[in-house]
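Number 126 in numbering that gives the first Met the number 0 belongs to position 127 of the sequence shown; there are no gaps in the numbering. Glycine included, C-beta positions come from ideal geometry on N, C-alpha and C. Down below is the structure, laid out as structure tokens.
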Amino acid sequence: MQTNSITKFRWDPTYSSEAVELTAENRSTYLSEDTYLFRTVIADTKFDGGLHYWELIADSRTENELKIGVTKNREFDLKTSFSDYSFGWAFYGIGQLRHCDGANGPQYGKQFKRTGCLGVLLDMDKGTLSFALDGEYLGIAFEDEELKKGPIYPAIALLHIAGSTLVTGKPAPPVFFTSQ
Numbered sequence: 000m001q002t003n004s005i006t007k008f009r010w011d012p013t014y015s016s017e018a019v020e021l022t023a024e025n026r027s028t029y030l031s032e033d034t035y036l037f038r039t040v041i042a043d044t045k046f047d048g049g050l051h052y053w054e055l056i057a058d059s060r061t062e063n064e065l066k067i068g069v070t071k072n073r074e075f076d077l078k079t080s081f082s083d084y085s086f087g088w089a090f091y092g093i094g095q096l097r098h099c100d101g102a103n104g105p106q107y108g109k110q111f112k113r114t115g116c117l118g119v120l121l122d123m124d125k126g127t128l129s130f131a132l133d134g135e136y137l138g139i140a141f142e143d144e145e146l147k148k149g150p151i152y153p154a155i156a157l158l159h160i161a162g163s164t165l166v167t168g169k170p171a172p173p174v175f176f177t178s179q
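Shown next, in the form of structure tokens:
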């Protein structure tokens with residue numbers, strides 16, 4: 000089993016679309032607006048190497064799926080999704096992946112919207128990004144040499160009416176290591 004460092008961060012109000020409400024010491028996000036545009040929020044901590052794990056707990060008020068993952072860039076229009084660009088990788092809660100494309104991506108995992116806990120594991124030594132939903136390992140979503148090079152920031156993109164609560168400071172569950 001790999002060594003498992005403890006990752007702690009919060010969402011950064013400086014790198015958050017102004018339409019997104021941050022609460023609970025910048026751990027909870029919520030968006031409620033009439034438009035149907037993704038709004039990105041980026042973490043206050045960068046990763047330059049190693050293993051990093053965090054979770055997102057679904058908000059029961061959510062009507063539209065989230066995009067959850069990482070970005071290598073914080074300087075872009077936060078009124079768009081980070082994963083629409085070459086510097087972003089995301090699991091889209093409709094059960095697809097997104098990278099360099101806002102509308103298309105391969106099937107992956109299961110739907111994640113109003114209920115559940117989504118675990119995210121970034122392994123910068125291997126250049127992989129993996130997810131687990133309610134303790135079920137979904138597999139490696141992305142394997143990319145760019146995921147070995149920092150800085151990399153956790154990110155989330157919300158659409159119309161959506162939210163989640165961030166949980167950090169926990170080791171990655173064994174399912175991420177025994178299922179590979």
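Selection from the options that minimises the alpha carbon distance to residue i
i, options, result
"E145", "T44, K125, T34 and R26", "K125"
"F75", "G94, S16, L96 and G92", "S16"
"K45", "K148, N25 and C99", "K148"
"Y14", "T39, Y35, L132 and G134", "T39"
"P150", "Q95, E135, T70 and T34", "T70"
"D143", "L128, Y152 and I56", "L128"
"S82", "G118, I41, E62 and L55", "I41"
"Y35", "P173, P172, V166 and H159", "H159"
"P170", "G87, L30, R26 and G118", "G118"
"L96", "I67, K112, C116 and R26", "I67"
Buried or exposed (CB count within 10 angstroms, at least 16 for buried), residue i
i, result
"L50", "buried"
"A102", "exposed"
"E64", "buried"
"S59", "exposed"
"S85", "exposed"
"K78", "exposed"
"M0", "Residue confidence is low: M0 scores 39 on pLDDT, short of 50, so the model does not pin down where it sits. Its coordinate-derived value is still stated next. Classification for M0: exposed."
"Q106", "exposed"
"A154", "buried"
"A23", "exposed"
Boundaries (first-last residue) of the beta strand (DSSP E) holding residue i
i, result
"V19", "It is not in any beta strand (DSSP E) - V19 carries neither H nor E in the DSSP assignment."
"F176", "Note, F176: premise wrong, no beta strand (DSSP E); alpha helix (DSSP H) at V174 to T177."
"I67", "K66 to T70"
"L120", "C116 to D122"
"A89", "G87 to Y91"
Helix, strand or coil at residue i according to DSSP, with G and I counted as helix
i, result
"L194", "For residue 194 there is no data in the structure shown, the boundaries of the chain being 0 and 179."
"F111", "coil"
"L77", "coil"
"D11", "strand"
"S82", "helix"
"E135", "strand"
"E144", "helix"
"I5", "coil"
"A57", "strand"
Paired residues, beta bridge with residue i - DSSP
i, result
"I151", "F46"
"L157", "R38"
"T28", "L21 and S163"
"R97", "A89"
"T127", "D122 and E142"
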